[in-house]
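Data first, discussion second: the structure below is written as structure tokens.
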Amino acid sequence: MDAPTPERLLAWLRRANEVAARALAEGRHPFGAVLVAPDGDTVLLEQGNVSAVEHAEAVLAREAAHRWDTSYLAGCTLVTTVEPCAMCAGTQYWAGIGRLVYGMDERALLALTGDHPENPTLDLPCRELFARGQRAIEVIGPVLAATPEIAALHRDFWRRA
1 MDAPTPERLL AWLRRANEVA ARALAEGRHP FGAVLVAPDG DTVLLEQGNV SAVEHAEAVL
61 AREAAHRWDT SYLAGCTLVT TVEPCAMCAG TQYWAGIGRL VYGMDERALL ALTGDHPENP
121 TLDLPCRELF ARGQRAIEVI GPVLAATPEI AALHRDFWRR A
């Protein structure tokens with residue numbers, strides 16, 4: 001896989017944040033994810049958060065695993081607004097998606113949510129989880145240029161929730 005440019009990373013993350021904004025407008029937590037094809041241009045799937053156990057990344061990774069084999073998914077990129085939790089990172093790992101890009105890290109999310117009962121954040125960085133596996137997953141993030149836009153959705157949501 002070619003290394004994405006900073007401009008491409010920001011474009012992907014803005015697309016994922018649009019998905020998160022749609023989830024928010026539908027009354028769900030503001031998380032969004034997209035799956036980018038190996039060509040770096042084609043968005044294969046989009047997914048907003050569904051529920052506390054159906055996170056955007058996990059639902060997207062499961063759907064991707066149903067549609068494509070791991071040899072194809074190894075060249076794809078999962079782009080998500082916030083660093084995946086252990087459940088979502090594990091689902092990406094098992095699906096075989098070869099790259100992860102995220103905008104805001106889990107600790108920054110925790111700073112916004114605090115001890116909110118709807119987001120009992122796990123302090124387990126995705127890189128640590130991936131390091132324990134046998135598949136290599138490239139991780140790019142946090143992408144600080146995208147963090148303020150992503151954090152804005154969360155700041156407003158968790159204040160009201």
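In UniProt numbering, the protein residues as written are 1 to 161.
Backbone N, C-alpha and C define an ideal beta-carbon position, used for all residues, glycine too.
> For residue 160 versus residue 96, is the C-beta spacing smaller than 9 Å?
Replying inline: no
> Do residue 54 and residue 89 have their C-beta atoms closer together than 9 Å?
Replying inline: no
> Where in the UniProt domain "CMP/dCMP-type deaminase" (7 to 113) do unbroken runs of the alpha helix (DSSP H), each at least 4 residues long, occur, reported from the N-terminal end onward?
Replying inline: 56 to 67, 70 to 73, 86 to 95, 106 to 113
> Between the C-alpha atoms of residue 143 and residue 99, what's the straight-line distance to the nearest angstrom?
Replying inline: 14 Å
> Exposed or buried, residue 84, counting other C-beta atoms within 10 Å across all chains shown (16 or more means buried)?
Replying inline: buried
> Going by C-alpha distance, which of 60, 155, 13, 72 is nearest residue 114?
Replying inline: 155
> When we look at the beta-carbon of residue 104 and count the other beta-carbons within 10 Å, is it buried (16 or more) or exposed?
Replying inline: buried
> What whole-angstrom Cβ distance do residue 140 and residue 82 have, given they're in contact under 8 Å?
Replying inline: With 8 Å as the limit, residue 140 and residue 82 do not qualify as a contact, their Cβ atoms being about 14 Å apart.
>> Comparing C-alpha positions only, which one of 64, 148, 74, 21 sits nearest to residue 138?
In response: 74
> When we look at the beta-carbon of residue 27 and count the other beta-carbons within 10 Å, is it buried (16 or more) or exposed?
Replying inline: exposed
>> Spatial neighbours of residue 34 within its chain, please: C-beta separation below 6 Å, excluding the five flanking residues on both sides.
In response: 15, 16, 43, 46, 79
> Excluding five sequence neighbours on each side, which residues of the same chain lie with their C-beta closer than 8 Å to the C-beta of residue 38?
Replying inline: 1, 72, 75, 76
> By the 10 Å Cβ neighbour count, where 16 or more other Cβ atoms means buried, how is residue 20 classified, buried or exposed?
Replying inline: buried
> CA-CA distance, residue 50 and residue 24?
Replying inline: 10 Å
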